[in-house]
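**Q** Protein chains in written order, with the working numbering: chain A, 1 to 481; chain B, 482 to 698; chain C, 699 to 954. Note that the Cβ used here is the ideal one computed from N, Cα and C, for glycine as well. Remember, it's a predicted structure, so these values are computed and weren't measured experimentally. Questions regarding the structure given below will be posed in turn.
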Amino acid sequence: MGAEPQAAAGNDFTARAPKALNDPTLRANFRRAMDGLMSKRAAQFADTPAWEALRARGAAAKARVLARLPELLVELEENCRANGIEVHWAESIPEANAIVLEILRAAGARTVIKGKSMVSEEMELNHHLAAHGIQAVESDLGEYIIQLAGEAPSHIVMPCIHKNKAEIAQLFAERIPGLGYTEDVDALTAAARAELRGRFAAADAGISGVNFAVAETGTLVLVENEGNGRLSTTLPPLHIALMGIEKLVETLEDLPPLLALLPRSATGQHITTYVNMITHPRRPGELDGPEKVHLVLLDSGRSRVFGDDQLRDTLRCIRCGACMNHCPVYSRVGGHTYKFVYPGPIGKILTPQLEGLDCAGDQPHASTLCNACVEVCPVKIPIADILVRLREESVRPGHSGAVKGGGARRSWLETLSWRGWMLIYSRPWMGRLAAWGMTRFGNLLPERLPLLKAWTSVRAKPRFAAKSLHELAREQGYCDE
Amino acid sequence: MSDARANILARLRAAPRTAPPERPDWTPPVFGEGRLERFRAMLGSVHGEVVETTLAAWPERLAALLAERGVRRVLYGPAAPVGAQLGRAWMADADAPTLVPYDRSIEEMKAELVHTVEAGVTSVRWGIAETGSLVLWPDAAEPRLMSLLPPLHVAVMAASGLHDSLAQLVAEQGWAGAMPTNALLISGPSKTADIEQTLAYGVHGPKELLVLVLTDQ
Amino acid sequence: MAQPATDIRLHAKPERVYYFGTCVIDLFYPGAGLAGMELLRREGIKVVFPPDQGCCGQPARNSGYMDEARAVALRQMEAFPNDWPIVVPSGSCAGMMKTHYPDLFKGRPDYERAVAFSARVHELTAFLVNVLHITLEDKGPPVTVTWHGSCHSMREMGVVDEPKSLLRQLANVTLVENPREKECCGFGGTFSVRQPEISAAMVGDKIQALEETGAARVVSGDCGCLMNIGGALEKAGKSMRPQHIAEFLLERGHGR
């Protein structure tokens, strides 16, 4: 019932997809990477009852957060303040950027070293800081690679997953002085380490994300493998942590199940190399750690999502990326096709809610509703149901006005089509008449009709049967009770 | 900007409320006598090396292990029990590596720590068998960067400090009332798989993690 | 989210069942629909095909047209008035009726009715295996087949092993499993025409994986997938033949 894909506003995803689909290197890079991630995750959760119990516990922990979000945010704020962490609230991205800039300026900071933070990607913080004369260097190897390449992350956990070794070798040979072309991963890694060591030492501030903030204790929890997150939050004299207002847990007791779910779901690791729990800035007598720690709480549309009790479940997300690793659409079009910060299934439900259906209204339709994402989500986000809800909002905005750009994809032609469909299937005589007509004349429909043309690009035209099942069932006596 | 807090909270409070679900039962694994085996296997699976030794013997054993690796400059915390014992033991040993005390602030020691020390020796507060993890609560005597900046991290752990799971530790040790400045779980050396999912070690932190388990402790 | 394939209370073999033929089968694959009814009838069950049935409503629901989907869903609930099991030769349509009818009517007067209706819905192969404990005879010539499980059958109905266990009962049939069985074929209803390029890439990969099994036929329990996969096989000039499992099982029993 959809119109032909077009590059009209809100159809950017559909318009961009063919570029990725027609890039065999990109397709191969994603296919290989996703296959590896799926099998590693499956090995971690081979014990189904244990996985179900763990997942139920993790999902409940995040559901509890959403049930008490305003209280927990206040509790987190109070406990952080008591610990000496300064807390800032930002309603919007410009506000968050202004807060970060102000903190850095007040400290006289000129260079910043960054740990991985998807919120900072949302904020386009690096651009903002650069425009104000502050240089921010990404230190996660993947983020560093794409920063060198001038690209955006294509995956929330593995930002440069779209690049293969040869592409990275070429990039490093061009951009790292003294390093020739090498595809040796240890050599490439060592080169990045050598480049970034000095940056860490020279940085006036470190900026990081937050995986979980514990309301009960005012603790910021960061998980990572590389150690760049620890360096960013320990070596410079100033640490700024950025988090969405939903990334809390109530208590320390809720942390172990979530820590058991996150890395296994993400990369098939039983645990990340580092779990870094920060509760205070450097205390008197301590020899390292930042003198000042700031926490910036970013709303930017989240409280609006929270306002709808179905869409709210989107905010359970712990950013493991399992949904994209298992998504048959993501694995074929890659992360950049989504254009926004969050790709894959979680992006398809989060982006239209944060950016509006008028901007990303085609994304909820870029799914077969195959439920592969739902099956692996460690916190049981009903992604498929939310996709359908957003499809509904895009043609018939609901009571709550929960989503910006509701109704953006309304079209009289489509509405009329579904009305006709409804008449056929809710009035049996019309259904029988339509079936009679289609079985007798349906095969005469020309292939150039819009929907049929899309279908027959790679498939044979479907053939209507000579008689419908209704007719055959009646003939064979199945219709009598 | 000052209204942000009030506005965000007002929007959240205006939203429909749902009752928080109960936390369903979930039992973290228990290993009993198999704790150390599990710990060793899990840590080994992430490229960590476990060496069993004793309280009296570890400094000498460590000197030998470092000699094999050609490590000469070792960061230690002289005010911590582990550091103090190391200092005493190696002082008497002319062939032992050079000990670099972490006794001034990072700002004063940055060049040395970032670029020249080759190993850092820390104690371990607890171990976690389930995931093969070390729990460190760095403090003034053993600061945070000791386990991070040197290319080799040597961690000294009493076997009795091994617990089954993080959940058990958090509950039994009452973490909620006593969180330190920084609590760390360390499971293996620093690593990355950002280049074509190929593992490489030592990307930013230690390339090697050596755990000395004191079996008589 | 996977529901138990069958309601435990219905494990006793019923005298009568309703049959919901699905709109795709009605128009394109009536042979598969008849075969499913014949399989049930052979087991001594009276099969009733209510003539007022139509479509489960999934296409409209999945497109966000809830009012239209509800109107059609309501009509289906009216078409199956008695408290008999409803057997559906499609995991996808069964999934719509079992998991989404209650959602569609949540907070509305027909909610209880939708819940009761959904509890009566069974996917055909799960019904054959779990309720009828069917024993199959194979009179056909040796053939190698592969199985395509539909996403909704697996993930909404929890039907994963049942159809394969039926195929394994057949003495002359070799089942070669597709290592990528769990991956969507790219049909997705209107997805196939809303996102034709992505859908084409998915079905292209799917037929490649199916071909790599070396099977002569691909058997499935969902005619939406079969229309997609079969259409792609045909367009690409491949010899592999798509077939609905009901038709295949019946054919084996007849020795064809």
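1) Return the first residue and the last residue of the beta strand (DSSP E) that H470 (chain A) is part of.
2) Quick check on A33 (chain A): buried or exposed, where buried means 16 or more other Cβ atoms within 10 Å of its Cβ?
3) Taking beta-carbon pairs under 7 Å, can you tell me which members of the stretch 25 to 36 of chain A lie near chain B?
4) According to the neighbour-count rule (16 or more other Cβ atoms, all chains shown, within 10 Å of its Cβ), is L472 (chain A) buried or exposed?
5) 7 Å is my cut-off, CB to CB: does H294 (chain A) come that close to chain F?
6) Can you pull the chain A neighbours of Q678 (chain B), defined as C-beta to C-beta under 7 Å?
7) What residues in the stretch 358 to 374 of chain A bring their beta carbon closer than 8 Å to a beta carbon of chain B?
8) Report the residue from B:R606, B:A496, B:A548 whose alpha carbon sits nearest the alpha carbon of D576 (chain B).
9) I want to see whether chain A comes within less than 7 Å of K711 (chain C), judged by CB atoms only; does it?
10) Could you say which of B:R569, B:I587, B:A485 lies nearest to T703 (chain B) if we only look at CA atoms?
11) Tell me whether G686 (chain B) sits in a helix, a strand or coil according to DSSP, three-state version.
12) Kindly confirm or deny that the stretch 632 to 641 of chain B and the stretch 650 to 659 of chain B touch, where touching means at least three C-beta pairs closer than 8 Å.
13) Could you tell me which of B:L629, B:A648, B:W571, B:E589 sits nearest to E599 (chain B), measuring between CA atoms?
14) Using a threshold of 7 Å, state whether the C-beta atoms of L255 (chain A) and V249 (chain A) are closer than that.
15) In three-state DSSP terms, what is D484 (chain B)?
16) Run through chain A and tell me which residues come within less than 9 Å of L834 (chain C), C-beta to C-beta.
17) Terminal residues of the continuous beta strand (DSSP E) containing E932 (chain C)?
18) By DSSP, does I905 (chain C) sit in helix, in strand, or in coil?
19) Mark G683 (chain B) as exposed unless 16 or more other C-beta atoms lie within 10 angstroms of its C-beta, in which case mark it buried.
20) Could you check whether M158 (chain A) and G142 (chain A) sit closer than 7 Å to each other, using their CB atoms as the reference points?
21) Quick one, which of A:M422, A:I240, A:G477, A:T233 has its alpha-carbon nearest E86 (chain A)'s?
22) For R939 (chain C) and V917 (chain C), what's the separation of their Cα atoms in angstroms?
23) Suppose you measure from the CA of V1015 (chain C) to the CA of Q147 (chain A); what does that come to, to the nearest Å?
24) Straight-line CA distance for R768 (chain C) to G755 (chain C)?
25) Excluding the 5 residues flanking P352 (chain A) on each side, which residues of the same chain have their C-beta closer than 7 Å to its C-beta?
26) Can you tell me which of A:A194, A:T25, A:T219 puts its alpha carbon nearest to the alpha carbon of N228 (chain A)?
27) Cβ-heavy atom distance between R486 (chain B) and the ligand FMN below 6 Å?
28) Would you say N760 (chain C) reaches chain A, if we count a Cβ-Cβ gap shorter than 7 Å as a contact?
29) Of the choices B:V555, B:R498, B:A681, B:M638, whose alpha-carbon is the least far from that of W618 (chain B)?
30) Compare the beta carbon distance of R878 (chain C) and E375 (chain A) with 7 Å and say whether it is the shorter of the two.
31) Within 7 Å (strictly less), CB to CB, does Q6 (chain A) reach chain C?
32) So, is H162 (chain A) buried or exposed, given that buried needs 16 or more other C-beta atoms within 10 angstroms?
33) What residue from B:E588, B:R542, B:G669, B:R550 has the CA that sits closest to L724 (chain B)'s CA?
34) Which of the three DSSP states is assigned to F726 (chain C) in this structure?
35) Which of the three DSSP states, helix, strand or coil, is assigned to T534 (chain B)?
36) Tell me which residues of the stretch 271 to 283 of chain A have at least one Cβ-Cβ distance to chain B shorter than 9 Å, keeping chain order.
**A** According to the structure shown:
1) For this step, residue 470 (chain A) is matched to residue 470 along the first sequence. Segment 469 to 475 is the alpha helix (DSSP H) holding H470 (chain A); no beta strand (DSSP E) there.
2) If you number the first sequence from 1, residue 33 (chain A) lands on position 33. A33 (chain A) should be labelled buried.
3) A33, G36
4) By 1-based counting over the first sequence, the position of residue 472 (chain A) is 472. It counts as buried.
5) Although the question refers to chain F, the structure presented lacks it and instead comprises the protein chains A, B and C.
6) Translated into the one-based positions of the second sequence, residue 678 (chain B) becomes position 197. Going along chain A in sequence order, the residues near Q678 (chain B) (Cβ under 7 Å) are A33, G36.
7) none
8) Counting from 1 along the second sequence, the entry for residue 576 (chain B) is found at position 95. Ranking B:R606, B:A496, B:A548 by Cα distance to D576 (chain B) puts B:A548 first.
9) The sequence position of residue 711 (chain C) within the third sequence is 13, counting from 1. Chain A contact via Cβ: absent.
10) In this structure chain B extends from 482 to 698, so residue 703 (chain B) is not present and cannot be described.
11) As a first step, residue 686 (chain B) is located in the second sequence; it is residue number 205 there, counting from the start. Correct three-state label for G686 (chain B): coil.
12) no
13) Here residue 599 (chain B) is taken as the residue at index 118 of the second sequence, counted from 1. Among B:L629, B:A648, B:W571, B:E589, the Cα nearest to that of E599 (chain B) is on B:L629.
14) As a working mapping, residue 255 (chain A) is identified with position 255 in the first sequence. As a working mapping, residue 249 (chain A) is identified with position 249 in the first sequence. In contact: L255 (chain A) and V249 (chain A) (Cβ atoms closer than 7 Å).
15) Residue mapping note: residue 484 (chain B) aligns to position 3 of the second sequence, counting from 1. Here D484 (chain B) sits in coil by DSSP.
16) Counting from one through the third sequence, the residue named residue 834 (chain C) turns up at place 136. Correct list: empty, because the minimum Cβ distance to chain A is about 22 Å.
17) Residue mapping note: residue 932 (chain C) aligns to position 234 of the third sequence, counting from 1. Taken as a continuous stretch (DSSP letters only), E932 (chain C) belongs to no beta strand (DSSP E), being part of the alpha helix (DSSP H) at 921 to 933.
18) Position 207 of the third sequence, counting from 1, holds the residue named residue 905 (chain C). It is helical.
19) As a working note, residue 683 (chain B) is residue 202 in the second sequence. Answer is buried; the Cβ neighbour count reaches 16.
20) Translated into the one-based positions of the first sequence, residue 142 (chain A) becomes position 142. Translated into the one-based positions of the first sequence, residue 158 (chain A) becomes position 158. Yes, the pair counts as a contact, with Cβ atoms nearer than the cut-off.
21) Here residue 86 (chain A) refers to the residue found at position 86 when the first sequence is read from its first residue. Of the listed residues, the one whose Cα sits closest to E86 (chain A) is A:I240.
22) The count along the third sequence starts at 1 and reaches residue 939 (chain C) at position 241. The count along the third sequence starts at 1 and reaches residue 917 (chain C) at position 219. Each residue's Cα considered, the two are about 8 Å apart.
23) Lying outside 699 to 954, the shown extent of chain C, residue 1015 (chain C) is not represented and no answer is given.
24) Looking up residue 768 (chain C) in the third sequence gives position 70. Looking up residue 755 (chain C) in the third sequence gives position 57. C-alpha separation (whole angstroms): 7 Å.
25) Sequence index remark: in the first sequence, residue 352 (chain A) carries index 352 (1-based). The residues are A360, G361, Q363, P364, L390, V403.
26) As a working mapping, residue 228 (chain A) is identified with position 228 in the first sequence. Of the listed residues, the one whose Cα sits closest to N228 (chain A) is A:A194.
27) Among the components modelled here there is no ligand, and therefore nothing to report on the ligand FMN.
28) Numbered from its first residue, the third sequence carries residue 760 (chain C) at position 62. Chain A, which has a Cβ nearer than 7 Å to the Cβ of N760 (chain C), makes this yes.
29) Mapped onto the second sequence, residue 618 (chain B) falls at position 137. Residue B:M638 is the option with its Cα nearest to W618 (chain B).
30) The count along the third sequence starts at 1 and reaches residue 878 (chain C) at position 180. The count along the first sequence starts at 1 and reaches residue 375 (chain A) at position 375. No, they are not a contact pair.
31) Numbered from 1 along the first sequence, position 6 holds the residue referred to as residue 6 (chain A). With a pLDDT of only 39 at Q6 (chain A), under 50, the local geometry of the prediction cannot be trusted, and no value is derived from it.
32) Here residue 162 (chain A) refers to the residue found at position 162 when the first sequence is read from its first residue. Classification for H162 (chain A): buried.
33) The displayed coordinates of chain B run from 482 to 698. Any statement about residue 724 (chain B) would go beyond what the structure contains.
34) Indexing the third sequence from 1 puts residue 726 (chain C) at position 28. F726 (chain C): coil per DSSP, three-state reduction.
35) As a working mapping, residue 534 (chain B) is identified with position 53 in the second sequence. It is a strand residue.
36) I271, T272, T273, Y274, V275, N276, M277, I278, T279, H280, P281, R282, R283
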